[in-house]
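Student: Here the working numbering is used: the first residue of the sequence shown is 1399, the next is one more, and so on. Dumping the structure here so I can ask a few things about it.
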Amino acid sequence: MKTSDALVIDEPKTHEPTAQAVAEPAIESGPRATTGVKDAKIYIDGKFYTEADAKISVLDHGLLYGDGIFEGIRFYHGRVFRLEEHLARLWDSAHSICLEIPMSMRDMTEAVLETIRQNHLRNGYIRLLVTRGIGNLGLNPTQCKYPSVIIIAATIALYHENFYRKGLTIVTCATRRSSPAALNPAVKSLNYLNNVMARIEANLAGADEALMLNDAGNVAECTADNVFIIKRGQIFTPPITAGALRGITRSIVFEIAAELGIKITEADITRHDVFVADECFLTGTAAEIIPVVKADGRLIGNGKPGPITARTIARFREMTRETGTPIFV
Ligand SMILES: Cc1ncc(COP(=O)(O)O)c(C=O)c1O
């Protein structure tokens, strides 16, 4: 990495992304590899680089072994949504894999905010990575003395608004979610091949998402989302021990349920429970809260997003409009 390539940036000019920029998916890879941001600036270890110059070593163990951690974070209307929770989870992931993040949480907060400012965005998505750093070709991380911090700001529209109105179709995939005894899904690591394999199955089946089961045959989660079902007015979701990430959006659903006076329970869920649910929805930072209306060819409820899902989405959207860490102060 050539540090001389670092950009000197002018005072940020803020603007809402254009409709076209928003419509361009930043996460689902399109024909063009891009953040969707014009003249994007990418943060690497304290400096900003153009998209073309933002590079890390091929000897970084993040690339060689998926050895590292990440967070996906949203910002709405000039505020970063649930930043503290994302950073707390990042630090937990780091602790779990014995990776020392080379900066304080306070400096990381400022780095995230500054990356958004440099990209002149008010709404979008942040991908924050900490890689193990450069080592030799052996997998032993003791070789890697300097972890790298990378922050990418992007525009995002993972699912078109139609999917929020009409709902997704999911299929159960044969690929089981990694056993917590092997690679705990609670660690948000750079090794997402388990999820990618499931995603490929969904693609091959022509479905919008893949439902991943754990070794016991119970529902764990989808490829990048937590799963919720509703039966007789109550919400259920698998416990973290079923092999689910402790989703930030998942925890917001617990808050919303408490506010709305709807009982919510962590419980083991089978495919059958999904088939016979009155409603189903997925949660994730990128997908937000999105209804599911068909699983393995069975309609869920009446095949339309249900009322509790709709109320939860409405309250979630209110929260994204009203709360968050200010970017421009
Ligand atoms: C495997 C997996 N499960 C669940 C989630 C949802 O978590 P969150 O709501 O924190 O984005 C994600 C997204 O980060 C994920 O990658």
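Just so it is clear, CB atoms sit at the ideal spot from N, CA and C, and this is done for glycine as well.
1) Using only alpha-carbon positions, find the residue among Asn1593, Tyr1590, Ala1584 that is nearest to Trp1489.
2) Determine the direct distance from the alpha carbon of Lys1453 to that of Ala1580, and round the result to whole angstroms.
3) With DSSP collapsed to three states, give me the class of Ala1419.
4) Tell me where the alpha helix (DSSP H) around Gln1516 begins and ends.
5) Where Cys1620 and Glu1686 are concerned, what is the direct C-alpha to C-alpha distance, given to the nearest angstrom?
6) Tell me the residue span of the alpha helix (DSSP H) that contains Pro1705.
7) Is the beta carbon of Val1690 sitting closer than 7 angstroms to the one on Ile1568?
8) Three-state secondary structure (DSSP) at Ile1654?
9) Using 8 angstroms for Cβ pairs, my map puts Gly1464 next to Ser1587. What's the rounded Cβ distance?
10) Could you pull the DSSP bridge partners for Gln1541 from this structure?
11) Does any heavy atom of ligand 1 sit closer than 6 angstroms to the C-beta of Gly1466?
12) Once the 5 residues before and after Gly1645 are set aside, which same chain residues still bring their CB inside 7 angstroms of it?
13) Counting along the chain, where does the alpha helix (DSSP H) carrying Ala1486 start and finish?
14) Find the nearest neighbour of Ala1608 within the set Ile1633, Gly1533, Thr1573, Arg1713, judged by alpha-carbon distance.
Tutor: According to the data block:
1) Trp1489 has its Cα closest to that of Ala1584, out of Asn1593, Tyr1590, Ala1584.
2) The straight-line gap from Cα to Cα measures roughly 31 angstroms.
3) Here Ala1419 scores only 33 on pLDDT, less than 50, and its place in the model should not be relied on; the value that follows carries that caveat. Ala1419: helix per DSSP, three-state reduction.
4) Here the alpha helix (DSSP H) through Gln1516 covers 1503–1516.
5) Cys1620 and Glu1686 have their alpha carbons spaced roughly 13 angstroms apart.
6) Element bounds for Pro1705: 1705–1720.
7) The criterion of a C-beta distance shorter than 7 angstroms is satisfied by Val1690 and Ile1568.
8) DSSP places Ile1654 in helix when its eight states are reduced to three.
9) Gly1464 to Ser1587, Cβ: 6 angstroms. Contact.
10) Bridge partners of Gln1541: none, in fact.
11) False, no ligand heavy atom lies under 6 angstroms from that Cβ.
12) The beta carbon of Gly1645 sits closer than 7 angstroms to the beta carbons of Asn1624, Thr1681, Gly1682 from its chain, once the five residues preceding and following it are set aside; these are given in chain order.
13) Here the alpha helix (DSSP H) through Ala1486 covers 1481–1494.
14) When only C-alpha atoms are compared, the closest one is Thr1573.
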